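Heads up: the protein sequence lines correspond to chains P and R, in order.
If you're matching positions, the first sequence starts at 9 in my numbering and goes up one per residue.
If you're matching positions, the second sequence starts at 348 in my numbering and goes up one per residue.
Just so it is clear, CB atoms sit at the ideal spot from N, CA and C, and this is done for glycine as well.
These figures come from a predicted structure and were not determined experimentally.
Notes to accompany the following structure.
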Amino acid sequence: MLNEIRGIVMTKKDDVATALADLEASSVARARLGNEVIETEIKEPIPFGHKYAISEIRKGELVIKYGEVIGETLENIGVGELVHVHNIVGLRGRGDKVGRTR
Amino acid sequence: MHSVDRLSFDGYERPDGSVGIRNHLAIIPLVGCANDVADGIARAVPGTRPCLHHQGCVQLAFDLEQTTRTITGIGLNPNVGAALLVSLGCENVPSDEIADEIAKSGKIVEKITIQELGGIAPSIQRGIGICRRMAQEISQYRTKTFDASALCIGAKCGASDTTNGIASNPTVGVAFDIVVNTGGTAIFGETTEMMGTEHILARRAVNEDVGKKIYEIVARMEERANSMGVDIRGAQPGYGNIKGGISTIEEKSLGAILKGGTGPIQGVLEYGERPQRKGLVIMDSPGREMEMLTGLVAGGAQMVVFATGRGALQGFPIAPVIKVTGNSRTIEKLGEEIDVDVSSIIRGRESIDEAGQKVFNEIMSVARGKQTKSEALQLNQCIDIWRVGPTI
């Protein structure tokens with residue numbers, strides 16, 4: 009069970025892995041990246057399908073998944089922490105920022 | 348790699364040269380006000396398919412044109428052997444033009460007008476008579492053998508979670524690549540879910556014009572969303588997407604475009620428009636299931652492959668919908684609604700290519716007549732026409 013793959017990283021450029029199972033705090037998650045395996049100490053519960061950081065991302069930096077930008081951080085995110093709507097935001101479709109256009 | 352037999356199916360050749368994988372009698376209201384009559388007729392004549400929707404009147408010119416194109420497209424879909432159009436009599440869409448356009452294809456089409464026939468009961472009665480005759484007529488249509496290049500497949504993803512981007516969407520993408528490589532037509536869309544991926548898609552465009560059009564439709568969609576003055580999150584990605592682990596529209600988009608495969612993009616279609624050439628095309632369309640499925644089918648898709656995460660239920664009255672999921676929990680909970688299980692990818696037991704071949708094999712089986720879960724369950728309510736402007 010300890011060797012079980014419980015995460016997936018889509019490309020080498022990515023800052024995040026996606027959990028393939030519910031991950032518990034203080035456990036070590038093994039994520040597949042092609043033929044490599046990336047081990048991460050999980051800091052808080054990561055539900056199935058959610059993302060955790062595999063590298064530190066500073067406040068205001070871009071977050072990369074699929075090798076592309078998926079948004080920017082609102083706070084520093086440490087390795088093994090949950091990456092989701094509470095600490096990252098998208099940069100597109102932000103009518104709240106550009107305001108009404110008509 | 349594939350034997351000829353595995354790549355052929357028996358289909359209905361329509362007078363305009365299109366090929367149906369089903370032989371349906373469609374009852375199509377020209378305006379939402381005629382839904383009850385259309386439904387009343389459909390209930391009385393077994394085997395008919397009511398294509399109920401809510402548009403056709405009190406729309407601005409752009410939307411009226413889109414509604415007209417879409418209704419006409421549903422009538423022209425190759426799975427439709429004959430169509431009965433139900434008019435109220437005072438709707439804004441050009442009812443006679445729609446009937447003429449469908450008739451021009453050589454297909455049997457008739458129109459009844461409720462305000463002329465004297466209301467609901469006489470209209471249902473008249474419609475029943477017409478449909479019985481039509482059903483008898485199309486029951487005599489025979490199939491011919493076609494190869495897979497006669498296929499036109501649509502793709503949709505819905506009730507998405509992160510398994511879509513990892514398993515079901517790339518799997519559908521592999522199946523799309525096989526369809527395109529065997530000479531068929533494949534349509535994907537959901538323009539909202541291209542935000543943040545325009546540069547990737549435009550690189551795959553066959554020429555500069557097509558690339559420019561991709562940027563244009565995404566900018567147009569983002570402008571519409573921004574014009575409401577709010578953050579798109581909550582609508583896109585929706586509540587269920589976020590609960591499933593998707594954080595932003597960009598993340599959803601990057602996963603979403605995988606379902607279009609890797610082929611060159613031949614063109615960009617308006618909503619409900621029929622492709623003029625084979626290969627992979629993008630249809631400008633919204634992400635919501637009803638409008639999206641309707642657009643694909645109006646564009647001539649004979650079936651839709653639907654990648655889902657948390658478990659979408661949709662079917663379509665005149666086209667089979669194949670559900671694919673990579674989420675093993677969804678298989679446990681909603682297995683009766685899912686056609687292809689690709690959760691083995693997530694467990695590391697199957698490659699995306701192997702799973703994609705499985706989806707393509709299912710496409711061929713359905714083309715040969717295998718009922719999808721959506722057909723067996725008679726899921727026919729997920730239909731509506733995309734309107735862009737306000738209701739006025």
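- Distance from the CA of P:Arg14 to the CA of R:Pro517, rounded to the nearest whole angstrom, comes to 20 Å.
- Within chain R, the residues placing a beta-carbon under 8 Å from that of P:Asp104 are Gly576, Val577 and Asp578, ordered along the chain.
- Within the stretch 539–570 of chain R, the residues whose Cβ lies closer than 8 Å to any Cβ of chain P are, in chain order, Thr539, Met542, Gly543, Thr544, Ile547, Glu569 and Glu570.
- Taking 7 Å as the cut-off between beta carbons, the residues of the stretch 27–38 of chain P near chain R are Leu28, in sequence order.
- Segment contact: the stretch 618–628 of chain R against the stretch 454–472 of chain R, fewer than three CB-CB distances shorter than 8 Å; contact not assigned.
- Beta-bridge analysis with DSSP links R:Asp688 to R:Thr672.
- Rounded to whole angstroms, the separation of the alpha carbons of R:Gly634 and R:Glu598 is 15 Å.
- Membership of P:Ile16 in the beta strand (DSSP E) is indicated by the continuous run Ile13 to Ile16.
- R:Asp494 is bridged by DSSP to R:Ser355.
- Around the beta-carbon of R:Ile739, fewer than 16 other beta-carbon atoms lie within 10 Å, marking it exposed.
- Annotation for P:Glu76: the continuous beta strand (DSSP E) segment containing it runs Glu76 to Thr81.
- Not a single CB atom of chain R sits nearer than 8 Å to the CB of P:Tyr60.
- Here DSSP, grouped into helix, strand and coil, assigns R:Leu407 to coil.
- Counting only Cβ-Cβ distances below 8 Å, P:Ile96 has contacts in chain R at Ser594 and Thr595, in chain order.
- Residue state for R:Arg715 is assigned as coil, using DSSP reduced to three classes.
- The C-alpha of P:Ser34 is placed about 45 Å away from the C-alpha of R:Glu638.
- Between R:Ile485 and R:Ala429, the beta carbon gap of about 5 Å places them in contact (Cβ cut-off 8 Å).
- Taking a Cβ-Cβ threshold of 7 Å, the residues of chain P close to R:Gln583 are Gly101, in chain order.
- Contact with chain R is found for P:Ile13, since one of that chain's Cβ atoms lies less than 8 Å from the residue's Cβ.
- At a cut-off of 8 Å, the C-beta of R:Ile612 has no neighbouring C-beta in chain P.
- Each residue's CA atom was taken as its position, placing R:Ala702 and R:Ile534 some 20 Å apart.
- With a threshold of 8 Å between beta carbons, P:Glu64 makes no contact with chain R.
- DSSP places R:Thr595 outside both helix and strand once states are collapsed to three, so it counts as coil.
- Using a C-beta cut-off of 8 Å, the stretch 527–546 of chain R makes no contact with the stretch 668–685 of chain R, since fewer than three inter-stretch Cβ pairs fall below that distance.
- Taking CB atoms only, P:Gly86 has no neighbour in chain R less than 8 Å away.
- Where R:Val384 is concerned, the enclosing alpha helix (DSSP H) starts and stops at Asn382 to Ala391.
- Per DSSP, the unbroken alpha helix (DSSP H) holding R:Ala468 starts and ends at Ile467 to Ile485.
- Within the stretch 633–644 of chain R, contact with chain P at the beta-carbon level (separation under 9 Å) is assigned to no residue.
- Look at R:Lys625 here: in three-state DSSP terms it is coil, with no helix or strand label.
- As computed with DSSP, R:Cys499 is found in a beta bridge with R:Thr532.
- Taking a C-beta cut-off of 7 Å against chain P, none of the residues of the stretch 657–680 of chain R qualify.
- By the criterion of a C-beta distance shorter than 6 Å, R:Arg369 is surrounded in its chain by Asn426, once the five residues flanking it on both sides are discounted.
- Cβ-Cβ separation between R:Ala446 and R:Lys454: approximately 11 Å, too far for a contact (criterion under 8 Å).
- Boundaries of the alpha helix (DSSP H) around R:His546: Glu545 to Arg550.
- Rounded to whole angstroms, the gap between the alpha carbons of R:Glu722 and R:Val668 is 8 Å.
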